[in-house]
Each structure stands twice: as structure tokens, then as C-alpha cells.
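Protein chains in written order, with this note's numbering: chain Z, 1 to 278; chain P, 279 to 593. Working notes, structure below.
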């Protein structure tokens, strides 16, 4: 130990005031630093996924589909039709993962939420900081995906860059309610695997990602209507292809995604506080 | 900005009839105490006595069911962030971020207090030296031993230069060397005027570190005072430990009345509480009882603890 008095910190009331104002950002920084542990996975998936998806679906499958005279994909080639939905899907799946296992990790496995919990931060700020860090990861991932889409010539509209915020919005609309749910789980008995198999994967397949929702049997189309992925896919096509739907329906997509994201965030903050301040 | 309004000389922590209920269970059942600045205050008690729950309420991370609680002139329920900004907290279970390096754990924790990066850079180096972890600054946390992790957790709790340090079983699970190093670090903090509030299962730790303590059982205070006061009040000066053989202990003990202040029979030995153990031993030998082994020792806090909280196992 150093002799004499250690360095003096700022006054506690200054710490508390700063934490009240910026606490979510402080925790966001922590989460982003923690992500460095799996940064290689993040980079590989951010670049590898779009390359694989666009090659296999957009180029490989498109070369067959586009030859069919009966195929109709919003009046554009299959690559341009599928690419925005693939971006949105990858964002939703990444967000789902980041909002399940890391939340359990924070509460139970490594308990890292309980470090900041005894500092001036409050549980709601931990939830918000976690969401912001995941938001930044999604922003990077969607931007990389978008640049690769550009390389494949998969965008047709000058507003196509808006696919990046659309991807983040759709991811959050699906991820934040999951986060709130994960915050209520005491023991992980494969609930997360079940969610991935029986919710995430069916939504991926039945949300108009690979073909228009209208081509599915009427009895199954409700899956798309409630799926944030379908609303995200349609918004993505709007910005990368151009208008294909009435304005009211576009408004429904935006409002639905924003409402789900807001609901998820409010529910998550509530559940974090309930769990940590008992 | 909410500043502390504690009058000069007032306790830094005061609790009045503090109650915490979980369902039908009163985990804390009407505890009152006051801790002046610079005191080292201990909470002793068996598992489930309510020590950690009390610490969580003091730390402003658990809402009380009833009673009054005041930390540095502030109510932790109303001004949680302000109260926690005054505190350093060492939890019972380490929650260091093992994805981060040792020094980074200190820096990122300091950010939660809104401390500047320049301050934290200097402070982290000081605390690594304090915790004797300078050589591990860039190591991964999961490569540290249990004692090193505990020292890092204590270093982390000091990042904001707190005047009050809450330690929940700080040395549980550590080997004797690591415990002694930690005691030394804590004693230095005490010398600097930091108020220490700790829970512990180790009576030697309580005797080493605490100026004053409360013995808690079933959410209530069973006794309060300095270690020496508690020993004087609840035990004799010395304890004579006798072994006659497990099949004879009970029978012999029944015939030892008057050889000490109190006699207690355990499965493996008989304890004679007396102000003079040697005299008691002579008296017992004079009655014709010759133990297989005998030991005279000074009464300890452990004798007080076991007398007040019983010897039955609590899980």
C-alpha cells in the first residue's frame, strides 16, 4: 500500500448526480468492453453471415427463381427482394441471443449486474445500458451487412441506407421483450433453446423473409402479422426497393415495432428493479 | 444534487426498529443500532440470522418493510444513488467481471461513480499496489486465486475513496495466509478513519477487526458490545476443556457441580467455564476424576456466540 492517504475522489453527491444522468452510458461501456471477449465471433458473423446468405439465397437461389415466369417478388429480382429481409432477420436473431444468455449471465451465472448494483446506478440503468450496447452491436452488424448488400448490387433505392436503422429497430422490437422475460427467469431450463427453436426459427421461416406473406395459406398469415420480423422485413423492402404498400400499412409497421420495443424496455426496467431491489 | 445533511458528530449509520419481511418470514425483526464515524462494527450470527439482509438495506439495495434507516444523514430508500455514492461494498460472493482484465475491473467500476478516466488511471494503480496485485494488472480475472480475487474485490470497493466500507463475510473460503493479508489491509483502512461494517462467521476475525459488534439471531439482536465486554458479560474468563471419553463425558459432568461457573457437555468433551481453569482442574482431580486430556484456554467470542445462538446446526 502507498504510504499516507490515497488519492481523493470527487464528492459523493457529485458521483450520484453524474450517475443519475449518465449511469446507463456507464453500463453500456462495461457491456461493450465485455463484448471484446467474443469480438472474433462478432466480426466473423457480421461479415460471414451476409456473405453466406447473399450468395446462397440471393445469388444461388435467385438464379433459379428469377428464371420462373410465374415468380413475382414486388416486381424486382429475388436478390433485391430477399436481401433486406435477410439483414433484418440476422439483426433479430443476434438481438435475441444478446437479450437472453447475457441477461441470465448478469443475474445468475457470473452475476455481473450485482457489481454496479451497489454503486449509484439503479437497475433500470443496467437494463438501458445493456440495450444500448446491444444496439451498438446491431448498428455495426447492420452497417456491415448493408455495405455487403451494396457490393452485391442488392439495393435499388437512394434511401437504402435506412435499412440500417430499420434492422436495429426490428431487432430491438423482438429483443427487449425477450430481455424482460429473461430477467424473470430464476433457472434456465432450456427456455432459451425453446425460444430459438419454436419462436425465432418459425418467425424466420414464416415472416415473408423468403417469399411474400400473401403467398402463404390465409390461415398462416397471422404469424406474419404479429411477427416483428415481418414488419421489419416490409419496412426494409420499402427503403431498399421503394414503396410497394399503402402508407397506412407502412405506418403500422413503424408503430408496431416502436411499440413493441418501448413495451419491452419498460417491462425490462420493471423486472430488473423487481429482481434486484427485493 | 442531494448533499449529506448529517450533523457534526452524529452517527454515520443509524437504524431504528429495522424490519425486513419476505412473505411470512421476518428476516430482520426490529434491529436498532448506531455506528459512529471511524468505528469498526461487526454483525455476527449464524446462517439466516439476517446479517446480509441488514447489510443490503444499509447498502440501499433492499427496501425495508418497516423502521428507520439513515446513512450519512440520508434515507437509502429515498436517495439510493446518493447513499451508495458514499459506500464501498464487498459482497459475500465475488462478482468481478471475468471477461475484463484486473485493472480494467477497477476502471470500469470507477466509471459507475462518474469518476474521470485520469483520476481512475492513477487510483487503479494505487489500489493494485494496496491489494498487492501490481503484477496482475493485465491478467485475466479468472486466472487469479480466491485470495487475489477477494483482494481485488476489496480494492474495487475503494475506488471511490468511501468513508464507509460494507464487508459481507470478507474472508469466507480463504486460506489463513490470505485472511491475514486481508485483515492487514482492512486494519490499515480503519487507521485511515474508514468506518468498517462487516459480517463474519469467524470469531477471531471479529475479535481482530471489530471495536463493537452485535450478535444477531433470527433477525433480532441477542447481545451488543465490544468483544471484551461480551466475553465478560456472557462467559467466564477461562474455559477448561476436558475429555473423559465419549461414553463417560455425560456421567462425569453430572458430578462436577461447583467446580466452575457453568458446565456444558458436548459429545466429545466437557467444558467448564471458570475464572481460573487450573484451580477448577485441580478441584476435579481432587474429586477423583482424571481426564484423558485437559486444556485451559481464555474464553473467546466463539464461546459467547455459541452460548447466545446455540450449537444446533443452521443451514
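Virtual Cβ for every residue (Gly too), placed ideally from N, Cα, C. Just so it is clear, the structure is predicted and the values come from calculations on it, not from any experiment.
Neighbouring residues, chain P, relative to residue i (Cβ below 7 angstroms)
i: residue 34 of chain Z; result: 375, 377, 378
i: residue 223 of chain Z; result: Going along chain P, no residue has its Cβ under 7 angstroms from residue 223 of chain Z, so there is no contact; the nearest lies around 37 angstroms.
i: residue 26 of chain Z; result: 389, 390
i: residue 22 of chain Z; result: 392
DSSP bridge partner residues for residue i (one or two, in chain order)
i: residue 404 of chain P; result: None; residue 404 of chain P has no bridge partner.
i: residue 349 of chain P; result: P:291, P:352
i: residue 446 of chain P; result: P:477
i: residue 313 of chain P; result: P:291
i: residue 519 of chain P; result: P:549, P:573
i: residue 343 of chain P; result: According to DSSP, which records beta bridges pairwise, residue 343 of chain P is partnered with nothing at all.
i: residue 262 of chain Z; result: None, per the DSSP bridge assignment.
i: residue 304 of chain P; result: P:299
i: residue 319 of chain P; result: P:475, P:490
i: residue 379 of chain P; result: P:418
i: residue 495 of chain P; result: P:498
i: residue 29 of chain Z; result: Note: residue 29 of chain Z sits in no beta bridge, so no partner.
Buried versus exposed, by CB contacts within 10 Å (16 or more), residue i
i: residue 158 of chain Z; result: exposed
i: residue 233 of chain Z; result: buried
i: residue 98 of chain Z; result: buried
i: residue 194 of chain Z; result: exposed
i: residue 357 of chain P; result: buried
i: residue 180 of chain Z; result: buried
i: residue 5 of chain Z; result: Any reading at residue 5 of chain Z needs caution, since the residue's pLDDT is 49, under 50, leaving its predicted position unreliable; the model's value is listed next. Classification for residue 5 of chain Z: exposed.
i: residue 560 of chain P; result: exposed
i: residue 341 of chain P; result: exposed
i: residue 230 of chain Z; result: buried
i: residue 190 of chain Z; result: exposed
i: residue 585 of chain P; result: buried
i: residue 334 of chain P; result: buried
i: residue 323 of chain P; result: buried
i: residue 579 of chain P; result: buried
i: residue 264 of chain Z; result: buried
i: residue 278 of chain Z; result: exposed
i: residue 2 of chain Z; result: Caution applies to residue 2 of chain Z, whose pLDDT of 43 falls short of 50 and renders its modelled position unreliable; the value that the coordinates give is listed next. Its Cβ having fewer than 16 others within 10 Å, residue 2 of chain Z is exposed.
i: residue 183 of chain Z; result: buried
i: residue 246 of chain Z; result: exposed
i: residue 300 of chain P; result: exposed
i: residue 38 of chain Z; result: exposed
i: residue 92 of chain Z; result: buried
i: residue 220 of chain Z; result: exposed
i: residue 141 of chain Z; result: buried
i: residue 458 of chain P; result: exposed
Whole-angstrom C-beta distance between residue j and residue i, which should lie under 8 angstroms
i: residue 283 of chain Z; j: residue 164 of chain Z; result: As shown, chain Z starts at 1 and ends at 278. That puts residue 283 of chain Z outside it, with no answer to give.
i: residue 167 of chain Z; j: residue 76 of chain Z; result: Between residue 76 of chain Z and residue 167 of chain Z the Cβ distance is about 19 angstroms, and since that is not below 8 angstroms, they are no contact.
i: residue 553 of chain P; j: residue 514 of chain P; result: 5 angstroms
i: residue 417 of chain P; j: residue 380 of chain P; result: 5 angstroms
i: residue 294 of chain P; j: residue 345 of chain P; result: 6 angstroms
i: residue 362 of chain P; j: residue 337 of chain P; result: 7 angstroms
i: residue 333 of chain Z; j: residue 244 of chain Z; result: Summary: the structure shown does not reach residue 333 of chain Z, with chain Z confined to residues 1 through 278, and so no result is reported for it.
Proximal residues of chain P, C-beta to C-beta of residue i below 9 angstroms
i: residue 12 of chain Z; result: 281, 282, 350, 360, 361, 362, 363, 364, 365, 391, 438, 440, 441
i: residue 270 of chain Z; result: Here the premise fails: no neighbours, minimum Cβ distance about 15 angstroms.
i: residue 30 of chain Z; result: 375, 378, 386, 387, 389, 390
i: residue 230 of chain Z; result: Simply none; closest approach about 35 angstroms.
Within chain P, the residues that residue i reaches when beta carbons sit closer than 8 angstroms
i: residue 276 of chain Z; result: 339
i: residue 273 of chain Z; result: Going along chain P, no residue has its Cβ under 8 angstroms from residue 273 of chain Z, so there is no contact; the nearest lies around 10 angstroms.
i: residue 18 of chain Z; result: 391, 392
i: residue 8 of chain Z; result: 439
i: residue 37 of chain Z; result: 377
i: residue 227 of chain Z; result: Result: empty, since nearest Cβ-Cβ is about 33 angstroms, beyond 8 angstroms.
i: residue 68 of chain Z; result: The premise fails here: residue 68 of chain Z is roughly 49 angstroms from chain P at the closest Cβ pair, so nothing lies under 8 angstroms.
i: residue 157 of chain Z; result: Result: empty, since nearest Cβ-Cβ is about 40 angstroms, beyond 8 angstroms.
9 angstroms Cβ cut-off: residues of chain Z touching residue i
i: residue 371 of chain P; result: 111, 114
i: residue 382 of chain P; result: 33
Proximity test, residue i beta-carbon vs the ligand NAD heavy atom, cut-off 7 angstroms
i: residue 98 of chain Z; result: This structure does not include the ligand NAD; it has no bound ligands of any sort.
Below 9 angstroms between beta carbons is the criterion; list the residues of the region 388-399 of chain P that meet it against any residue of chain Z, in chain order. 388, 389, 390, 391, 392, 393, 394, 397
Using a Cβ-Cβ cut-off of less than 8 angstroms, give me the residues of the region 356-367 of chain P that come near chain Z, in sequence order. 357, 358, 359, 360, 362, 363, 364, 365, 367
Residues of the region 117-144 of chain Z whose Cβ lies closer than 7 angstroms to any Cβ of chain P, in chain order: 117, 118, 119, 120, 121, 122
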